[in-house]
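Each remark here refers to the structure printed beneath this line.
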Amino acid sequence: MLELKNISKKLGNFKLENIDLNVNKGEYFVILGPTGTGKTVILELIAGLYTPDKGEILFNDKNFDKLPPEDRNIGFVYQDYLLFPHLTVKENIEFGIKKNKNQEKTKELIDLMNIENIKNRYPDTLSGGEQQRTAIARAVITSPQLLLLDEPLSALDPQTKNKFKKELNKLHELLETTTIHITHDFTEALYLADRIAVMQDGKIVQVGTPAQIFRAPHSIFVANFVGMENIFRAYFKNNKLYINKDLEIHVAKDIAKDKKNISLAIRPENIIITKEKVKSSARNNFEGKIIDIIDQGALSRLTIDIGVLLNVLITNKSLNDLNLKKYDKAWANFKASEVYVL
Amino acid sequence: MIKNKKKANSFFLFIIGFSIVLLISFILLSISMILIRGLPNLQKTLFIEEIQFAIQLSLYTSLISTVLCILFSVPIAYGIARYDFIGKNLINTILDIPMALPPVVSGVALLLLFGNTAFGDILAEYGFKVVFDVKGIILAQFFVNVPYILRILKSTFMDINPKLEFVSRTLGYNQIKTFFKVTLPLAKNGLIAGIVITWARAIGEFGAALMLAGSTRMKTETLPISLFLNMSTGDLELGLAAATIIILISISSLLIFEILGSRQFIKIKENS
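Protein chains in written order, with the working numbering: chain A, 80 to 421; chain B, 91 to 362.
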C-alpha cells in the first residue's frame, strides 16, 4: 500500500539513507530506533512536510511526492501533540471536517476516547493523556488512509502509558487504519506492532515481525535494542565455539566454520541459576561467583562472573528459595537453543 | 568592615531608587505641564473648527496608513519568519532603514522621489499627487511606520510553531486556509499590538509629513502640524489642545500595547 523506495534525505544533522519500506493495508507498522536517528523525518516525508532528496514514495502505486500535504489524506499525531491552542478540545477534533460538521461522528469519537468531560476546555489546561486522546481523535476523524504516530506514548507517565498502549491497540482493531508508529521503546513495539523496522543512524537495519526481531536480531545493535544484554564475540577452535579460552558454548544452529565476526547473545531471563551443578536439558552450565544483585521489585538483576560477566533476571521468590547472596558461588545454565547467533 | 559593607549596599539601593524617582518625576512633570493647561480647555477647544479639522485629518490619514502598513507587513513578515532564502539578511536590513533614519530625512527622500523625478510626474498626472497633498501625509506615515509593524509581526510569526500549520495541512487545509484558520488567530495579539502602535505613531508623525505634504493650515494640518503652526504663531491655547489630544491617544495606545504584551491571548479568552 505504502512504499518507500530508496529514500534519502539530509536535513541539518539528520541523514536518512536508502530507506526501503513496505507497509501493507491495515497493518500496524512500528519504526523502532534510538532518539536522533531520523525517525520523525520519515513520517514528515510521508506526510509531505519535506520532499526526499532521492527516491520516491508510492501510495497505492501512485507517486505521493507531487501531492501537497492537504491532499494526502493522512492523520498525523506529533510527540508533543500540537493541539491548536486557540481552539477547544471539541473544536480541535472537528478541525479537519470542513463542511457540515458531523455531530454524530464527533460524539462517537469523543465517547470512544472518553473525553466528554473535557470537550470545552483549551489545550493548555489538559494533562498529557488528555492531549494525546484529543490529538488522536483529531487525526482519525477524517478517516485517513494512513495514521502516523510520532512517539505518541513517550510524554506519558508509565501507568498512563500502559493504559494507552491497550487503547491504541483497541482503536486499531476498531478502525483498521494503516498505522505507522514511531518509538524508541521495544516493549511498546512488541505489544502493538504487526511488523517492526529497526533503525540505526538513519538506516533501516532489520524489518520483521516482533517475534522475528525478538528471536533473531541480525546485529549486535538490534540485539542490544531488544534487550539481549549478554552479547559476546565468539570464535572457533578445533571445531568448537568459544567466547573465551575456557568457555565453550553450545549452540543449536550450525554455523559455517569460516564465518567471520560471530557474536552470541543470551537473554538475561533465559539463564537459570542453581546452587549446585544440575542435570538438565540445558547444555551450557558454568560455575561462577555472584558479584552483584539489584532488587527491581518482583525481579532481581544479578551479575554472575563465569569468566565473562553474565546478566541474569531472576524472580525474587527463586532468589529467596535459593538463599543466594552477593559473593556466593552458583551455576548459570542455559539451553543451546537459547543462544542466539548474530 | 561590616558597617562599611552595609553602607555600601544601602548606597547602591539609594542610587537605584533615586534614579527611578528622578526620571519618573521628570517625565510626569513635563507631560503634566501640557495636560494642566490643555485638559481644562479641552471641551471648549474641541469645538474650534481648526482643531476639529486636525483631528479628522489625523484620524483619516492614520487609519489609511495603518491599513497600508498591515497589507504590506503581514505577507512580508510571514515570508521572512517562515522561509529561508538568499539575501534574507540584506532584505531585513533594507526594510529597517526607514526606522533608522530621522523622519525629516525620510520626508526629504520622498519629496525628491515624488516631486523631482519622472516617476513622480507620471503619478501626479494620473491623479496620484502626493507633494503638498493629504496623500503625502499618508505616504509619509506609511514609510516611517512600516518597519515597526514589520518587526512586531516578524517576531509574532516566529513564535508560532510552524508544525502547527503543518498539522492543519495534513487535516486538509491548503496554505492560504491554514494561514487564516491557524496562523492569524494565533498571531492575533501581536497583530493588534502592532496595529495600535502603528496607528499611534501615525497620529504623531510630523517630520516626514512636514517635508512631503507641507504645513498648510486647514489643508495638510494634522494634529502635530497644528501644534507646530499654532506654537509658531503664538496661539498657545490651540497648540496645547492639539498636544493634549496627541498625549491622550499615545498613552491609551501604550496601555493597550502593554496589556496585550503581558497577557496571552488564550488567557484573555478564558477570562472573558
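Glycine included, every Cβ here is placed at the ideal spot set by N, Cα and C.
Everything numeric in this text was worked out from a predicted model, so none of it was measured.
query = Taking only beta-carbon atoms, is A/A234 less than 9 angstroms away from chain B?
reply = no
task = Go through its chain and collect everything with a Cβ distance to B/V286's Cβ below 7 angstroms, but skip five positions before and after it.
result = S343, I346, F347
ask   = Taking Cβ-Cβ distances shorter than 8 angstroms, what residues in chain A pair up with B/V164?
value = Going along chain A, no residue has its Cβ under 8 angstroms from B/V164, so there is no contact; the nearest lies around 18 angstroms.
query = Counting along the chain, where does the beta strand (DSSP E) carrying A/Y321 start and finish?
reply = 319-323
query = Quick one: is B/T260 near chain A, going by C-beta distance under 9 angstroms?
reply = yes
task = Return the Cβ separation of A/T257 and A/K405 in integer angstroms, given the expectation that the two are a contact with Cβ distance under 8 angstroms.
result = That pair is no contact at about 51 angstroms.
task = Tell me whether the beta-carbon of A/I86 lies closer than 9 angstroms to the beta-carbon of A/N101.
result = no
ask   = Would B/F102 be called buried (16 or more neighbouring beta carbons within 10 Å of its own) or exposed?
value = exposed
task = Would you mind working out which of A/K368, A/E209, A/L254, A/F413 sits nearest A/K358, comparing C-alpha positions?
result = A/F413
ask   = Closest by CA to B/S163, which one among B/I337, B/S115, B/I239, B/L191?
value = B/I239
key: Through-space distance from A/I220 to A/E173, alpha-carbon basis   = 7 angstroms
Cβ neighbours of A/D203 in the same chain (closer than 7 angstroms, five flanking residues each side left out) = P164
query = According to a CB-to-CB cut-off of less than 7 angstroms, which residues of the stretch 273-304 of chain B neighbour chain A?
reply = P275, L276
ask   = Are the stretch 396-404 of chain A and the stretch 365-384 of chain A in contact at 8 angstroms, needing three or more beta carbon pairs?
value = yes
message = Please identify, using Cβ separations under 8 angstroms, the residues of the stretch 154-165 of chain A that lie next to chain B, in order along the chain.
response = G154, F155, Y157, L161, F163, P164, H165
key: chain A contacts from the stretch 239-255 of chain B (Cβ-Cβ distance under 8 angstroms)   = N251, K253, L254
task = Check each candidate in B/I339, B/L229, B/L338 and name the one with the smallest Cα separation from B/L50.
result = The structure shown does not extend to residue 50 of chain B, since chain B is modelled only from 91 to 362, so the question has no answer here.
ask   = Would you call the stretch 112-121 of chain B and the stretch 302-313 of chain B in contact, with 3 or more CB pairs under 8 angstroms?
value = no
message = With distance defined between alpha-carbon atoms, name the residue in B/L350, B/N182, B/I349, B/I335 nearest to B/Q133.
response = B/I335
Helix, strand or coil at A/A411 according to DSSP, with G and I counted as helix = strand
query = The beta strand (DSSP E) with A/N179 in it runs from where to where?
reply = Note, A/N179: premise wrong, no beta strand (DSSP E); not H, not E.
key: Reduced DSSP category for A/I393 - H, G, I as helix; E, B as strand; rest coil   = strand
key: Ordered list of alpha helix (DSSP H) runs contained in the stretch 269-344 of chain B, each at least 4 residues   = 278-294, 297-303, 313-322
request  = Tell me, please, whether the CB atom of A/A302 is closer than 9 angstroms to any CB atom in chain B?
outcome  = no
inquiry  = Just to confirm before moving on: does the CB-CB distance between B/A331 and B/T135 stay below 9 angstroms?
reply    = yes
query = Cα-Cα, which of A/A313, A/F143, A/T394 is closest to A/N349?
reply = A/T394
inquiry  = According to DSSP, is A/L403 part of a helix, a strand, or is it coil?
reply    = coil
key: Same chain only: Cβ atoms within 8 angstroms of A/V418, ignoring 5 sequence neighbours per side   = I328, H329, V330, A331, L343, A344, I345, N363
query = So, using beta-carbon positions, are A/T262 and A/I110 closer together than 9 angstroms?
reply = yes
message = On the DSSP letters alone, give me the boundaries of the alpha helix (DSSP H) that A/R362 sits inside.
response = It is not in any alpha helix (DSSP H) - A/R362 carries neither H nor E in the DSSP assignment.
message = Taking the alpha-carbon of A/E252 as reference, which of A/T239, A/S298, A/V168, A/A272 has the nearest alpha-carbon?
response = A/A272
message = Given this structure, state the Cα-to-Cα distance separating A/V301 from A/Q224, to the nearest angstrom.
response = 30 angstroms
query = For A/L421, which of A/T353, A/N309, A/N390 has the nearest alpha-carbon?
reply = A/N309
query = For A/K240, which beta-bridge partners are listed by DSSP?
reply = In DSSP, A/K240 forms no bridge with anything.
ask   = So, does the CB of B/K271 fall closer than 9 angstroms to a CB anywhere in chain A?
value = yes
query = Relative to the C-alpha of B/K225, which residue among B/P165, B/K271, B/T312 is closest?
reply = B/T312
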